[in-house]
Amino acid sequence: MPWHYHPLLKLGVGEHMLSELCGKPGVGEHMLCEFGFCCARCRLMVHKKCASLFDIPEITHPLHARHSLKLLTQGPPDYTNPVCHVCGKHPGNFLYHCDICKFNVDMVCAIDTHQQHSFTRVALSKMKVHEHTLTLTPRLISFICDACGEKGDHSPYVCLQFQCELMFFHQECARLPRVIQVNRHDYRVSYTYPLGPGDWKCEVCLDEIDWSYGAYSCSICPSYALHSRCATRDDVCDWVELDGVPEEVEDYSPFKMNDDNTITHFAHEHNLSLNKDAMALEESILCEACVRPIGSNAFYNCSDCSFLLHETCANLPKKKRHFLCPRPLTLWHNRDDTGTTCRACVQMCCEGFMYIDGDGDRFDLLCTSITLPFIHGSHPHPLIYLIEGPDDGIKTCQNCDGPVYEGFLGCIKCNYYLDFHCATLPLTVSLHRFYKHPLTLCYGEKASGKCKYWCDICEGETDPEKWFYTSDCGATLHIYCVLGHVRYPKPGGKSRDDLELVFNNKSTRPLCNNCHFRCPAPFFIVIEKELYCSYYCFLRTQMKASSIGCAAIRPPWVDNADMHW
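First residue of the sequence shown: 1, per UniProt numbering; consecutive thereafter.
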């Protein structure tokens with residue numbers, strides 16, 4: 001090829017081959033190529049249709065109709081701003097250029113418009129955010145987008161109608177849907193321009209909303225509003241346009257009421273009767289949903305078997321919207337006594353109720369009970385839900401120092417972050433095998449250099465500046481030693497088909513086959529008569545990995561013994 005220095009090899013194109021020029025797969029919505037070209041020395045990959053454009057050294061492009069554009073293969077000239085005037089990205093070595101206007105358009109924008117598959121059209125009409133036709137201005141120009149109120153620096157869509165006084169829109173904001181369903185609210189929200197006078201605050205990021213620009217609001221809840229960019233985040237909504245779509249009324253009730261005291265619950269085949277007697281049941285009698293002791297709370301019980309539910313757990317909605325997933329979650333009962341992992345806190349749940357989405361991701365009841373903004377005793381400011389990728393820098397949990405990624409809770413202003421495991425730690429815990437009084441979660445404290453804290457369970461040192469549990473008598477205990485690593489432990493429960501949970505309630509604590517320390521957690525794992533203090537110790541013996549799990553739930557004595565997971 002005259003536009004490349006090395007020989008190119010012809011090869012078949014699959015859906016995983018991304019062209020260096022268009023950045024898209026060869027098989028998919030935008031292109032269908034039987035083969036492409038590859039340079040073994042430069043690792044350059046080009047689709048056949050992309051390569052065909054190099055046969056046309058000069059084009060007339062609708063995004064710059066005044067002059068023709070010439071093909072350049074050595075990058076943008078030094079006298080130009082080295083970005084594409086349409087999308088604002090660096091064009092790489094291949095681009096079309098106008099030397100009169102110093103105008104650059106990269107191959108992605110050129111190919112899209114040339115093949116009429118582009119999202120970058122010269123004019124847009126009948127858009128949801130504006131009633132007039134919007135015209136693309138392919139220039140590097142600073143502006144404030146009227147749809148979202150944020151700054152832009154390249155190629156806005158502009159309304160040229162006199163009465164609109166030159167309104168500007170980001171390319172992506174020009175296509176905002178009119179009516180959407182967000183996972184933070186029970187009702188639909190609709191785009192409004194302008195939002196209107198008032199002290200508005202975004203329910204996603206908690207920042208103020210400039211009412212003179214566009215935003216999403218709820219017609220039923222007059223104070224509910226969201227920034228346009230926040231409302232259309234991938235983790236907040238699914239971008240499905242609901243304008244004109246009738247809203248279906250769904251019954252989310254988990255049971256059918258038979259009479260004042262009897263229900264038929266979806267999770268059980270027999271009728272359940274309500275018991276409101278204020279008698280405290282034995283600690284071993286557990287709720288099937290939250291796997292916590294029934295205690296003296298009102299509960300539903302089955303007269304035919306041992307199935308019991310707290311009254312509050314029985315009323316958990318069969319479907320709910322939650323910020324952890326852009327789609328509705330469905331209540332699910334793990335009936336098989338086998339473990340699964342919560343997607344949010346990455347803790348195993350042996351039994352009980354969980355919420356599940358359409359992709360099979362599961363979330364436990366504690367994580368799905370969190371509402372935003374989240375108020376936590378460890379920080380004076382409300383915490384919001386954040387999702388950041390690997391390019392956003394490494395952030396660590398304030399408590400366990402483990403890395404937080406994908407989804408976590410945090411205060412951006414203070415750089416304060418919590419993973420879901422630490423954010424959902426119980427404030428008080430009853431640990432009758434050691435203490436008669438409840439243990440209280442302490443968020444760390446400053447101690448003098450000579451003062452040392454020791455865990456009364458594992459007898460290892462406790463870092464006073466990290467979170468720990470404490471009692472009225474001044475004892476300090478590691479979080480792991482108190483709670484273990486399973487969210488809903490149950491005697492005889494299984495974290496996997498062949499892994500059985502055994503409560504650690506004997507006078508002598510067993511030795512772990514992996515770390516060779518006494519098992520301090522409330523339970524340990526038995527598999528083929530071998531004992532492990534945690535699921536992660538078992539995994540290490542199986543996978544020979546150097547790091548499994550997260551720092552939040554690894555046994556503290558491992559660090560004390562200078563052992564590395």
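Just so you know, even glycine gets a beta-carbon here, dropped at the ideal spot from N, CA and C.
Since this is a predicted model, take the numbers as computed values, not measurements.
CB contact flag (residue i, residue j, <8 Å)
i	j	result
PRO76	PRO91	yes
VAL182	CYS237	yes
GLY214	ASP146	yes
ALA289	PHE353	yes
ASP235	ILE356	no
PHE323	GLU311	no
THR440	LEU427	yes
TRP200	ALA225	yes
TYR417	VAL404	yes
ARG121	LEU140	no
TYR331	CYS302	Before going further, note that residue 331 is Leu rather than Tyr in the sequence given. Against a cut-off of 8 Å, the Cβ pair of CYS302 and LEU331 comes out as no contact.
LEU63	HIS97	no
LEU176	SER228	yes
VAL158	LEU134	yes
Rounded separation between residue i and residue j - CA only
i	j	result
ASP243	TYR187	13 Å
ASN334	TYR488	11 Å
LEU366	MET348	13 Å
GLY410	LEU383	5 Å
THR508	ILE457	12 Å
CYS325	GLN398	24 Å
PHE103	CYS39	29 Å
PRO464	PHE523	25 Å
GLN116	LEU206	Here GLN116 scores only 45 on pLDDT, less than 50, and its place in the model is too uncertain to base an answer on.
ALA174	VAL83	22 Å
LYS10	SER253	59 Å
LYS276	ASP259	15 Å
ALA314	PRO293	15 Å
LEU44	PHE37	8 Å
ILE144	CYS109	23 Å
TRP565	LYS48	The predicted model places TRP565 with a pLDDT of 28, which falls under 50 and marks its position as unreliable; any figure quoted below should be read in that light. TRP565 and LYS48: Cα-Cα distance of roughly 49 Å.
PHE408	VAL346	12 Å
HIS381	ILE375	7 Å
PHE266	TYR532	36 Å
VAL502	LYS89	57 Å
GLU131	PRO222	24 Å
MET257	GLN171	52 Å
LEU286	TRP239	42 Å
PHE169	GLY196	19 Å
GLY358	ARG233	19 Å
GLU248	TYR216	21 Å
ALA475	THR262	46 Å
LEU308	LEU281	12 Å
N- and C-terminal bounds of the alpha helix (DSSP H) containing residue i
i	result
HIS421	420-423
SER228	228-231
THR312	311-314
In DSSP terms, what residue i is bridged to
i	result
TRP332	MET354
LEU63	Note: LEU63 sits in no beta bridge, so no partner.
ASP106	LEU95
HIS265	PHE255
ILE144	LYS151
ASN275	PHE299
TRP454	GLU461
PRO293	LEU286
GLY36	LEU11, HIS47
MET167	CYS159
ILE180	VAL189
HIS478	Bridge partners of HIS478: none, in fact.
LEU134	LEU124, CYS159
PRO403	THR396
residue 570	The question about residue 570 has no answer, for the chain in this structure spans 1 to 565.
THR341	MET348
ALA174	Beta-bridge pairing links ALA174 to no other residue.
GLU58	LYS70
CYS325	HIS322
Bounding residues of the beta strand (DSSP E) (the contiguous stretch that carries residue i)
i	result
THR440	439-442
ALA215	215-217
PHE468	468-470
LEU409	408-411
ARG121	No beta strand (DSSP E) contains ARG121, which DSSP labels as neither H nor E.
ARG321	319-322
Please list the segments of the beta strand (DSSP E) lying wholly inside the segment 354-397, counting only runs of 3 or more residues, in order along the chain.
-> Along the length of the segment 354-397, whole beta strand (DSSP E) runs at least 3 residues long occupy 362-364, 384-386, reported in chain order.
Mind pulling the beta strand (DSSP E) runs of 3 or more residues that sit fully within the segment 484-531?
-> The qualifying runs are 494-496, 499-503, 523-527.
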